[in-house]
Amino acid sequence: MRVSVLVLITFYPAMGTCTIFLCLLLLCGALGLSTSPTRARLHCYTCSFAKPCYPVPTECQDDEACGISLGTSDQNEVIERKGCLPRAQCPLPGHATYWSRSYMLRHQCCEQDLCNVATTPQQLPSLLLSTLVLLVTSFTWAGHLLR
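For the sequence shown, position 144 matches number 144 in UniProt numbering, and the numbering has no gaps at all.
Here is the structure:
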């Protein structure tokens, strides 16, 4: 590519800068090079349906977004998977089989680096309940110790 540009400038020294710039642009286009800035690929957390989830940052493909896939079985068991999802898949329901059990999936997608870190809404009530039970138990034991 440099040889072509040098030959062009050497043979046509009277060309203006505007013409040289246009020639370079045409050359880049002919070679399939882009003059627009490329969008950086998203980085998303990835983990399988296994519990607990130990998310690992992963680079997605150009057509992918960060996502959390939530699966619910007929017995109302909930599983979660995080990772890169094709953008076209984000609004669509899905299906997965995990440990010989069938799950209906719904996907929540986001478009920023590592935006799929959130805990699923189904896990928050159990976490709050556990914290509440622990606090009540602590106060109960503290009351017995003070008597």
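Just so it is clear, CB atoms sit at the ideal spot from N, CA and C, and this is done for glycine as well.
Where DSSP assigns a beta bridge to Cys44, which residues make up the other side?
-> Along the sequence shown, read from residue 1 onward, the residue named residue 44 stands at position 44. In the DSSP output, where bridge partners are listed per residue, Cys44 has Thr58.
Residue from Gly71, Leu70, Ala50, Lys82 with nearest C-alpha to Leu114 | Locating residue 114 in the sequence shown gives position 114, counting from the first residue. Of the candidates Gly71, Leu70, Ala50, Lys82, the one whose C-alpha sits nearest the C-alpha of Leu114 is Lys82.
Distance, Ala40 Cα to Val5 Cα | Taking the first residue of the sequence shown as 1, we reach residue 5 at position 5. Taking the first residue of the sequence shown as 1, we reach residue 40 at position 40. Caution applies to Val5, whose pLDDT of 41 falls short of 50 and renders its modelled position unreliable; the value that the coordinates give is listed next. Their backbone Cα atoms lie some 29 Å apart in a straight line.
Pro121 classed as buried or exposed, judged by whether at least 16 other C-beta atoms fall within 10 angstroms = Here residue 121 is taken as the residue at index 121 of the sequence shown, counted from 1. Caution is warranted here: a pLDDT of 46 is assigned to Pro121, below 50, making its placement in the model unreliable, and the coordinate value is therefore given only provisionally. With fewer than 16 Cβ atoms within 10 Å of its Cβ, Pro121 is classed as exposed.
With Leu105 as the anchor, note down where its beta strand (DSSP E) starts and where it stops.
-> As a first step, residue 105 is located in the sequence shown; it is residue number 105 there, counting from the start. 101 to 110 is the extent of the beta strand (DSSP E) around Leu105.
What separation, rounded to the nearest whole angstrom, lies between the Cα atoms of Leu70 and Glu77?
-> Working through the sequence shown from its first residue, we reach residue 70 at position 70. Working through the sequence shown from its first residue, we reach residue 77 at position 77. Looking at the two C-alpha atoms, the distance is approximately 10 Å.
To which residues of the same chain is residue 151 closer than 6 Å at the C-beta, ignoring the five residues directly before and after it?
-> Since the first and last residues shown for the chain are 1 and 147, residue 151 lies out of range.
By a C-beta neighbour count over all protein chains shown, 10 Å radius and 16 as the cutoff for buried, is Leu25 buried or exposed?
-> On the sequence shown, position 25 is the one that residue 25 refers to. Below a pLDDT of 50, predicted positions are generally treated as unreliable, and Leu25, at 43, falls in that range; the measurement from the model is reported next regardless. So Leu25 ends up on the exposed side.
Just mark Leu92 as buried or exposed, buried being the case when its beta carbon has 16 or more other beta carbons within 10 Å.
-> Here residue 92 is taken as the residue at index 92 of the sequence shown, counted from 1. Exposed.
Per-residue burial, Thr35 [other beta carbons within 10 Å of its own, 16 or more giving buried] = Numbered from its first residue, the sequence shown carries residue 35 at position 35. Only weak support exists for where Thr35 lies, its pLDDT of 49 falling under 50; the value from the coordinates is given anyway. Thr35 should be labelled exposed.
Which word fits Arg101, buried or exposed, when buried means at least 16 other C-beta atoms lie within 10 angstroms of its C-beta?
-> Taking the first residue of the sequence shown as position 1, residue 101 is located at position 101. The residue in question, Arg101, is exposed, as its Cβ has fewer than 16 Cβ neighbours within 10 Å.
Distance, Arg87 Cα to Gln61 Cα | Here residue 61 corresponds to residue number 61 of the sequence shown, with the count starting at 1. Here residue 87 corresponds to residue number 87 of the sequence shown, with the count starting at 1. Their backbone Cα atoms lie some 10 Å apart in a straight line.
Of the residues Cys90, Val117, Pro52, Thr97, the one placed nearest Arg106, counting alpha carbons only | Taking the sequence shown and counting its residues from 1, one reaches residue 106 at position 106. Of Cys90, Val117, Pro52, Thr97, the residue nearest in Cα terms is Cys90.
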